[in-house]
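Under this note's numbering, residues 6 to 289 are what the sequence shown spells out, in order.
The C-beta atom is built at its ideal place from N, Cα and C for all residues, glycine as well.
Here the structure is laid out as structure tokens; the discussion comes afterwards.
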Amino acid sequence: YVMNPPVGKALVQAIREGYHLPVGDWQMIEELPPAAHRAGRPALVHLVVDTRMGRYGLLPEEAEQARRRLEATRGVKLVGVCSHLSSAHRESGDAAAFTRAQVWRFRKLLEDWQCQGKELPIRHLANSAAALAFPEGTAPPFNLARVGIAIYGYPEGPHPPPFPLRPVARAWTEVMAVRQLPGGWPVGYERTFITPRTTRVAVLGAGYGDGLRPELRRVGIQEELAPLVGKLGMDTAMADVSTLKRVRRGERAWLLGPGLPSFTGWACPVVVPVLLSARRRWLS
């Protein structure tokens, strides 16, 4: 199953290779028969229902009509139905209530179809965060979960997972220099941090060009967590190491990995870009 709907020649190729495809708009439904004909085999599709994610999918009130049309379309085999959660990985505000409302809205649609004897074989909603924190997102009538980042051992969401996860990778960079800065000294672009007192600052050799995000708050140095200060640069970041023992040039600063709680609650917006952008110079 692929999350994004292929376009043009990629659609024909995906059908030919037997991928399960998301279908969430009327134009793609029209494109499926000729694409399946060119591919020489039926298109295996999952109807995507937008339960207020606002990204891709048909509205709940359109789902019944779309299901009937897909079932009646030559060259198309409707094998599943799905939706996507927007806020399962967040704790702030009404995120949990909104997530449960999305689950309820989608569950009601599926239960209505089940009562009509029109249940589809594959029914899925939960991502990693929902699979770990919202059991109602994986309970019947759902029979599949789209677990992404959790497969690699990283939690997604504000709370510890109900069972231990083992990260598959550790990422680190090196300390390039250690500065002793006086109080009242600006650090980084746009002077977003001013030292409140004499401060030791470690200059690290990784920045937003390596996939780091502003949400990253701390790094691991000498088995302690050092807060990042100032604005991320393209290839640099700065950490306050005033409370640590003597930090030397060349020491490792751990960005993610086993035992580092600095990513708790930030797995989706922080760990994913780091993993996707990681360079050989700081992978272990």
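Looking at the DSSP output, histidine 129 shares a beta bridge with Cys87, Leu149. Counted as a single uninterrupted DSSP element, the beta strand (DSSP E) harbouring arginine 205 occupies residues 204-209. Assigned with DSSP and collapsed to three states, glycine 225 falls in strand. Taking a contact to require three or more Cβ pairs closer than 8 angstroms, the region 135-149 and the region 99-107 qualify as touching. For threonine 178, the enclosing beta strand (DSSP E) stretches over residues 176-186.
Alanine 40 and lysine 82 have their alpha carbons spaced roughly 13 angstroms apart.
The distance from the Cβ of leucine 209 to that of threonine 248 is about 17 angstroms, inconsistent with a contact at the 8 angstroms cut-off. Taking C-beta atoms under 8 angstroms as the contact rule, leucine 63 and glycine 85 fail to qualify, at a distance of about 14 angstroms.
DSSP places lysine 14 in the helix class (H, G or I) of the three-state scheme.
Residue pairing of proline 27 in beta bridges, as defined by DSSP: His51.
For the 9 angstroms CB-CB criterion, glycine 235 and phenylalanine 198 form a contact. Here the region 143-159 makes contact with the region 114-133; the two share three or more CB pairs at distances below 8 angstroms.
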